[in-house]
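Chains as they are written, first to last, in our numbering: chain B, 1 to 293; chain S, 1001 to 1252; chain G, 2001 to 2344.
C-beta: ideal position from N, C-alpha, C; glycine also.
Small disclaimer: the values here were computed from a predicted structure and weren't measured.
Down below is the structure, laid out as structure tokens.
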Amino acid sequence: MQLFLQALLDGILLGGIYATLGLGLSIAYGIMHIINWAAGQTMVIGLYVSYLLITKYGMDPYVTILFTFTLLGALGFVLQKTMINRIIDRSGDRAGANVLLFTAGYGYVVTSVLEMIFGTLSVTATTRYTGQSIAIGFLYAPLPKLISCVIAIVATVLIYIFMHKSELGRAIRATSQDRNTAQLMGINAKLMYCIGFALSFALLGLTASLLVPYYPITPYIGISFSFKALIIVVIGGEGNVKGAFAGGMFIALTEKILGSLVSDTFAQIMVFCLFIVVLLVRPEGLMGKRVKS
Amino acid sequence: MEEVGQMTEPELMIEIKNVTKRFGGLVAVRDVSFQLYRDEVLGLIGSNGAGKTTLFNMIAGAFPPSEGEILYKGQPIQGLRADKVCKLGIGRTYQICQPFGSMSVRSNVMVGAFGRYPKLADATEKADDVLKKVGLYKRADSMGGELTLPELKRMEVARALATEPEILLLDEVIAGLNPTEVDTFVSLITTLKKQEGLTIIIIEHVMRALMNMSDRIVVLNQGVKISEGLPAEVAADPLVIESYFGEGDIHA
Amino acid sequence: MNSKKRFIPIAVLLAVGLLVPQVLKTEFYLQSAIYVLLYMYWASSWNILGGYTGLFALGNGLYIGIGAYVAAVLFVHFGVSPWIGMIIAGLVAGLISMLIGYPVFKLKGIYYALASIALMSVFELIFNNETSIFGIYTGGPNGLRFTMTGNALDMQFSGKEGYYFLVLALLIIVLLCSDRIQHSKMGYYFRGIRANQDAAASLGVNVLRYKLTAHFISAFFTAIGGAVYVTTFLYVNAKTVFGMELSFAMMLFCVLGGANTLWGPVIGALIMVPIQQGLRIAAGSNMAAMSSLIYGVALCLVMLFIPDGILGTLKDLTVRRRKRATDPLQVADGAANGGGGADD
């Protein structure tokens, strides 16, 4: 029983991170209906940036959020403005496939550049939070995971408020629902795309800073995070905040609970199978609206 | 053997029986019934959202009706897959042209031709034949995506013709053409109908052309049939006049 | 239209292919040549599904793995020669592809891509972690080694030449098949589905059936390639055959050269594989990173500037040039300048 409750707690702690990871992907997909195949690799950039700030300047990992958020946000903005918008314009109805492939290529570039700079060995940041945990009854929660989860949930709520209550957020959502009408209403669709993509990258940066206190970093972990992000978004429900949150929590809990009951590998396989089942049976995800053909 | 001068019962090709279609809470077509007889041109008119294209989609197999039946020569075809409907002999065009943009015009038509002519040489010959009939043979090697609007419309018709249908569903084939192009197209359709022995249901906004082409007309308004009969009768029907008043649909 | 003339390039390829081992004598070069041909073969197999029919199968590497393991298991445990084993592997892969395809083809394009990758990952996880599947030993993370018999009947040749000619033969076969498809009802239907599924259906195309057919053919050939691949090394390992690298490379080379053309995949592989092999000599320890970098940059550049691939873009330019030649305004100009354009 204790094992189960511990797994439950671990799952919730992980779920917050998965939620922001999923958000990073979900916003871009929800706005532009294109998939960033390299969300994970982008996050790994954030991991290294954060790691450097911590080890070279002794920065608190949660302060690095400011840097990873803005740096990656800027990268996303530039990428969208200079390259992705161009591909969308030129591709007509093949835009989705072409952008997907482009981001896949970009993912490879990121991974190899990181490998050339940082080598292949794994590094982990040591911070003042490392090794500490808080006891909750007979359960324990590692301190960095706890703080990260709290920040992640706060961030998710803030994003939700931004998207639904702020004028800019609503403009972004209007563009995603009906680009032409939004433009008729004076919204600069291309700019919205840039902001949306920037925001999604920024969230990936945030996620990186939240992971860095306890996660071992190599240039290669990007791919599995990318795929995980996709699974989160699909299972949760594409393109919205609630979906990313639901998906993130659901996957994290499944992983941790099945992992402690059977094995981690089994949990992984189950998550993939769940993914396939959801694709076949309910492609709009847990939170999505049923799409009529 | 019929004697000369004896009237024979016109063959019932399609029967729409109490067809209703709902999309969620929206009722696009409500309890519509009418018939289509061999060799006639049936005009289907109504303002936007009247349910005309939805009816076409149901006949052609894009989706099934929520209620009601669609009979083709007495057999129910509602809910049949689109390709099966085509094989039975019902061809259609789309309101917004749907060319295979990355394929040549000839290849576009060949996709239709292969249905009855599985061999490459035969399909090519059939396609060229059809292209000549619609006057697109000169453009046979151009890419589908390069054509002008009138040419695209012709290609839509050509593609459907290549499947050798008995019935042709024409969805706003004339929309977007200038008056000269309209006249050309109308005479093309009339010629083709005679040549190929087609029965046609045609949706149009261009009233003048529709009145000229159609043997009978069915009028829809917001999913409901409000009038049916000869063009002159329908034009004089007060219900029809009322629903079109102020619509600006009467296009000279 | 083109009838016999269009087989000339294939004949040329065959001739050149037969001559190559006379020129490249080193084991390394010959092995590289085998890789080039094999990737040409795989990219062409992918092309049938992803290029002609437009179904973006990012996880077709699944069938490389299936082909590899079926052939391996049949040989190691049941003594079935890989000559037969590869055909069986192809059929098994084809069957699985239809089982997968049936529910998945109802999904939107991108979901299909995701589902195929998810499946590939599942297989990789299972084969990598379990040492036995259904009671048959498959080696788990250590992989499965082939018994050395040195017998050509077991597809084990003494030098590299044997494998070279085998892969060359496979490539010619898949190209001939691909060409046959292009010039048949099936090919036109495939391309119609790629261009506009609903319009194709309204013209009598049974879309689901043809998608499944494309999937089967592609899976069949891909799996045979997988079987031959592991026979060349006498060793099969889950991380390689179910891994993203092979799967991705197949697709990348095809897209780079020009999907939806017969020679696009060949050209794509012809350009990229020697680069990768060259890096193996030059970059040493950095090789993996360099080749990934080149793959990534190539893909980005293609998507930015020539999304139809090399051949696809060339075709576009030819069409545009011909269009300008028949444009009445241009023709008038041309006539004034003493020469007209071609008449259509």
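A Cβ-Cβ distance of about 12 Å is found for the pair S:ILE1059 and S:LEU1170, leaving them out of contact under the 8 Å criterion. If the five residues before and after B:VAL44 are omitted, its C-beta is found closer than 8 Å to the C-beta atoms of VAL110, THR111, LEU114, ALA208, ILE217, PRO219, ILE221, GLY222 and PHE225, all from its own chain and listed in chain order. Taking a contact as a CB-CB distance under 8 Å, the pair S:GLY1135 and S:PRO1099 does not count as one, their CB atoms being some 17 Å apart. The beta strand (DSSP E) runs of length 3 or more contained entirely in the segment 1170–1203 of chain S are, from start to end of the chain, 1199–1203. In this structure, DSSP gives S:ASN1018 an extended state, which the three-state scheme calls strand. Shown here, G:GLY2243 sits in coil according to DSSP, grouped into three states, outside any helix or strand. Taking 8 Å as the cut-off, the beta carbon of B:ALA19 is found no closer than this to the beta carbon of B:GLY259. For a cut-off of 8 Å, the C-beta gap from S:ILE1226 to S:LEU1239 is around 5 Å, short enough to register as a contact.
Here DSSP, grouped into helix, strand and coil, assigns S:ASP1129 to helix. For G:VAL2092, the enclosing alpha helix (DSSP H) stretches over residues 2082–2104. By the Cβ neighbour-count rule, B:TYR108 is buried, with 16 or more other Cβ atoms within 10 Å of its own. Proximity of the segment 1082–1094 of chain S to the segment 1154–1165 of chain S meets the contact definition, three or more beta-carbon pairs being nearer than 8 Å. Taking a cut-off of 8 Å on C-beta distances, the segment 2067–2087 of chain G does not touch the segment 2201–2211 of chain G, as fewer than three cross pairs fall below it. Residues of the segment 115–130 of chain B with a C-beta atom less than 7 Å from some C-beta of chain G are GLU115 and MET116, listed in chain order. Every unbroken stretch of the beta strand (DSSP E) spanning 3 or more residues and falling wholly within the segment 1084–1134 of chain S is given here in chain order: 1090–1092. Against chain G, the beta carbon of B:ASN98 has neighbours under 8 Å at MET2303 and PRO2307, listed in chain order. DSSP, read as helix, strand or coil, puts G:ALA2057 in coil. The residues TYR2235, VAL2236, ASN2237 and ALA2238, in chain order, have a CB closer than 8 Å to that of G:GLY2143 in the same chain once the five nearest residues on each side in sequence are set aside. If you draw a straight line from the Cα of G:THR2231 to the Cα of G:LEU2055, it is about 29 Å long.
Annotation for S:GLU1228: no alpha helix (DSSP H) segment contains it, though the beta strand (DSSP E) segment containing it runs 1224–1229. The same chain holds no residue with a CB closer than 6 Å to that of B:SER263 once the five nearest residues on each side in sequence are set aside. At a cut-off of 8 Å between beta-carbon atoms, S:ALA1235 makes no contact with chain G. Using beta-carbon distances, S:THR1163 counts as an interface residue toward chain G, with a partner under 8 Å. The Cβ of B:MET185 sits no closer than 8 Å to any Cβ of chain G.
Among the CB atoms of chain G, none fall inside 8 Å of the CB of S:GLY1074. Secondary structure remark: continuous alpha helix (DSSP H) runs of at least 4 residues inside the segment 67–106 of chain B, in chain order: 85–91. Distance from the CA of S:ASP1122 to the CA of G:MET2186, rounded to the nearest whole angstrom, comes to 14 Å.
Taken in chain order, the members of the segment 2181–2203 of chain G whose beta-carbon sits within less than 8 Å of a beta-carbon on chain S are HIS2183, SER2184, LYS2185, TYR2188, TYR2189, ARG2191, GLY2192, ARG2194, ALA2195, ASN2196, ASP2198, ALA2199, ALA2200, ALA2201, SER2202 and LEU2203.
The three-state reading of DSSP puts G:ARG2145 in strand, counting E and B together. For chain G, the residues of the segment 257–270 of chain B that bring a beta carbon within less than 8 Å of one of its beta carbons are THR265, GLN268 and ILE269, in chain order. As the crow flies, the alpha-carbon of G:LEU2037 is around 7 Å from that of G:LEU2171.
Shown here for B:THR103: same chain residues with a beta carbon closer than 6 Å to its own, the five before and five after excluded, namely ASN36, TRP37 and ALA38 in chain order. Secondary structure at G:TYR2235: strand, using DSSP grouped into helix, strand and coil. Closer than 8 Å to the CB of G:VAL2319 there is at least one CB belonging to chain S. When Cβ-Cβ separations below 8 Å define contact, S:ALA1175 makes no contact with chain G. Chain S has a Cβ within less than 8 Å of the Cβ of G:VAL2205.
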